[in-house]
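Protein sequence lines, in the order shown, are assigned to chains P and B.
Its first residue numbered 142, the first sequence is counted upward by one per residue in the numbering used here.
Its first residue numbered 5, the second sequence is counted upward by one per residue in the numbering used here.
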Amino acid sequence: MLKEKKVYTVITFPNTTAALAMEESCKADGVAGELIPVPNSITAGCGFAWQAAEEEKDNLVLYITGKGLKFSEIYTIEL
Amino acid sequence: MIYLDNAATSLNRPQEVIDAVVKAMTTMGNSGRSTHEDALTSSRIIFKARRSVAALFNCQAPDLVCFTHNSTEALNIVINGLFSSGDHVISTDLEHNSVLRPLYRLRKERNVEVEFVKADSNGQLDYSEFESLIKPNTRAIITTHASNLTGDLVDVDRVGKIAEKHGLLYIVDASQTAGARIIDIEKSNIDILCFTGHKALMGPQGTGGIVFRKSVEIRPWNVGGTGIQTYSEEQPAIFPTLLEAGTLNGHGIAGLLASLEWINNTGIDVIHDHEMELTERFTSAVKQIEGIKVYGSCSSDKAPVVALNIRDIDSGVISAELARTYGIETRSGGHCAPRIHRALGTEKQGAVRFSFGWFNTKKDVDTAIEVLKSITH
């Protein structure tokens with residue numbers, strides 16, 4: 142059964158390499174989230190996006206910038 | 005059987021490479037297309053391979069590594085993607101047809117000017133010729149890193165400096181050297197490096213790639229499915245996707261990743277030293293055999309390749325005799341390297357090429373030396 146719609150933090154990437162670098166880094170550091178297909182409501186370079194809980198947004202912004210990880214946009218959207 | 009045709013392909017590979025390919029064939033989905041676990045497995049392996057290739061050549065960003073099926077495809081993508089009417093390109097007599105034929109075709113079909121730094125009768129280049137050939141419309145210098153016939157190296161540091169001084173792209177065909185020696189694209193000012201995975205890198209056939217020092221404007225050879233920007237009518241202008249239309253050879257790349265990890269663990273300098281020891285052992289002995297002519301510089305620092313002839317006997321006759329009677333596998337003929345054969349005067353006779361790899365031993369070399377002594381006298 143499908144989950145009810147919910148608001149998430151979604152991060153897009155310029156290419157798949159950047160998305161996989163994000164996944165590897167987050168896994169190693171225990172950062173929340175997972176790779177999902179980029180939502181159809183978003184136009185981005187890469188077919189992958191990083192999805193995490195809405196409240197993780199600030200942590201993720203700090204984490205990404207601190208690590209110097211490549212990304213395209215950060216969204217707060219209902220999925 | 006003694007396999008001395010490693011310059012054509014590595015027959016023997018680390019078991020880890022074989023295991024990785026077998027595992028990949030039952031575990032890898034299509035990379036970059038979905039986020040289910042099997043597709044992600046594929047994406048992760050290819051990502052790791054991209055990063056390993058980048059590290060091997062000191063490329064600053066893994067997304068500047070584009071996978072192809074071999075060096076020839078890599079060189080075709082680069083040469084066809086960069087040059088147009090009125091451009092001038094400098095190359096050398098040492099090149100393989102994987103460089104020559106794309107250039108000849110551009111000369112014929114797109115009016116691209118192509119000139120070659122000549123090799124002398126011993127297969128050596130005069131480096132001052134590079135600068136004397138440069139013109140206002142020169143766009144690039146393309147050289148092999150090592151002749152696939154003589155094994156002699158091109159001094160890529162020297163050519164890279166010339167290219168940088170004149171603002172030219174420097175493109176290197178590393179088919180014979182990737183995996184056999186340390187290559188640093190930053191140190192050598194190599195803008196684009198084309199490599200194959202199945203020779204000294206000991207990966208599977210059907211793997212190879214292009215390594216860019218920085219992003220360049222290049223027209224892709226293939227366009228099509230990429231898993232991204234589906235509704236765009238154009239190929240996404242993002243590296244590496246720009247040059248990777250269609251499903252990648254994920255199974256092969258998994259094997260290539262295993263070979264890169266194996267080489268990294270073993271040490272590329274250890275591999276290089278072993279192959280050079282065998283090459284020198286062979287060269288110094290066969291040079292002494294009356295009736296044998298060895299081509300090239302016979303330098304102690306080269307690709308592990310030695311070309312020779314016995315008197316005026318057709319090289320194919322020698323190579324076939326070595327294989328049938330003695331189980332020694334070599335390559336004869338023109339080696340897809342017409343200009344260097346013309347320079348050496350071996351166009352009609354060809355040459356017998358012995359090429360050594362990690363899995364060869366001193367015993368292999370000594371057997372080949374003894375057989376050559378025996379059949380020459």
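Even for Gly, the Cβ is constructed at its ideal location relative to N, Cα and C.
Closer than 9 Å at the beta carbon, the chain P residues around D177/B:
Those within 9 Å of D177/B in chain P number zero; the least Cβ separation is about 25 Å.
In angstroms, rounded to a whole number, what distance separates the CA positions of S151/B and C340/B?
11 Å
List the residues that DSSP assigns as beta-bridge partners of H92/B.
Per DSSP, E117/B, T142/B.
The beta strand (DSSP E) enclosing Q192/P, as first and last residue numbers
189 to 194
Compare the beta carbon distance of V383/B and P240/B with 8 Å and say whether it is the shorter of the two.
Any answer about residue 383/B is impossible in this case: the structure gives chain B only from 5 up to 381.
Partners in chain P for L44/B, counting only beta-carbon separations shorter than 7 Å
L176
Is there a Cβ of chain B sitting closer than 8 Å to that of L161/P, yes or no?
yes
Assuming I344/B contacts G127/B under a Cβ cut-off of 8 Å, what Cβ separation, rounded to an integer in Å, is found between them?
6 Å
Rounding to the nearest angstrom, what Cα-Cα distance links A190/P and C167/P in this structure?
13 Å
If the criterion is Cβ atoms closer than 8 Å, does the pair F2/B and A372/B meet it?
Only positions 5 to 381 of chain B appear in the structure, and residue 2/B is not among them; the question remains open.
Span of the beta strand (DSSP E) around V310/B
If you look at V310/B, you'll find it in the beta strand (DSSP E) that goes 309 to 314.
Can you say whether K291/B is buried or exposed, counting buried as having 16 or more other CB atoms within 10 angstroms of its CB?
exposed
Among the candidates G361/B, S378/B, I81/B, H381/B, whose CA atom is the shortest distance from the CA of L15/B?
G361/B
Name, please, each residue of chain B whose Cβ falls closer than 9 Å to the Cβ of G188/P.
What G188/P touches in chain B: G36, R37, S38, T39, T230, G231, I232, Q233, T234.
With three or more C-beta pairs closer than 8 Å as the rule, is the segment 75 to 83 of chain B touching the segment 194 to 212 of chain P?
With fewer than three CB-CB distances shorter than 8 Å, the segment 194 to 212 of chain P does not count as touching the segment 75 to 83 of chain B.
Residues bridged to T148/B [DSSP beta-bridge criterion]
D177/B
Which residue's Cα is closest to the Cα of A258/B: D156/B, T211/B, I296/B?
Among D156/B, T211/B, I296/B, the Cα nearest to that of A258/B is on T211/B.
Is the segment 325 to 340 of chain B in contact with the segment 87 to 95 of chain B, if contact means three or more CB pairs nearer than 8 Å?
no
The segment 249 to 278 of chain B: which residues have C-beta closer than 9 Å to a C-beta of chain P, in chain order?
Result list empty, no residue passes.
Name the two residues that bound the continuous beta strand (DSSP E) containing P244/B.
Segment: none, P244/B is in no beta strand (DSSP E) and carries neither H nor E.
Name, going along the chain, the residues of the segment 49 to 60 of chain B whose beta-carbon falls closer than 8 Å to a beta-carbon of chain P.
F51, R54
Between the CA atoms of L107/B and V121/B - distance to the nearest angstrom:
Rounded to the nearest angstrom, the two C-alpha atoms are 14 Å apart.
Do R217/B and D188/B count as a contact pair if the criterion is CB distance below 8 Å?
No. Outside cutoff.
Please compile the residues from chain P whose C-beta is within a distance smaller than 7 Å of the C-beta of T224/B.
For the sequence presented, residue 224/B should be read as Pro rather than Thr. Under the 7 Å cutoff, chain P gives no residues; its nearest Cβ is about 15 Å from P224/B.
Determine, using beta carbons only, whether S47/B comes closer than 8 Å to chain P.
yes
Using a C-beta to C-beta distance shorter than 8 Å, which residues of chain P count as neighbours of I296/B?
None at all; the shortest Cβ gap to chain P is about 50 Å.
Between A144/B and L98/B, which are expected to be in contact by the criterion C-beta below 8 Å, what is the C-beta distance as a whole number of angstroms?
Rounded, the Cβ-Cβ distance is 16 Å, inconsistent with contact.
Is it right to say E219/P is buried, meaning 16 or more other beta carbons lie within 10 angstroms of its own, or is it exposed?
exposed
Along chain P, in chain order, which residues have C-beta atoms closer than 8 Å to that of T72/B?
Near T72/B there are no residues of chain P at all, since even the closest Cβ is about 16 Å away, more than 8 Å.
Any Cβ of chain P within less than 8 Å of the Cβ of P2/B?
The first residue shown for chain B is 5 and the last is 381, placing residue 2/B beyond what the model contains.
CB contact below 8 Å: T245/B versus chain P:
yes
Per DSSP, the bridge partner or partners of G212/B:
T72/B, T200/B
In angstroms, rounded to a whole number, what distance separates the CA positions of A204/B and D159/B?
19 Å
Taking 8 Å as the threshold (beta carbon to beta carbon), is D67/B in contact with chain A?
Among the chains of the structure shown, chain A does not appear; the protein chains present are P and B.
C-beta atoms of L153/B and A311/B nearer than 8 Å:
yes
Segment limits, alpha helix (DSSP H) that includes F134/B
F134/B -> alpha helix (DSSP H) spans 132 to 137.
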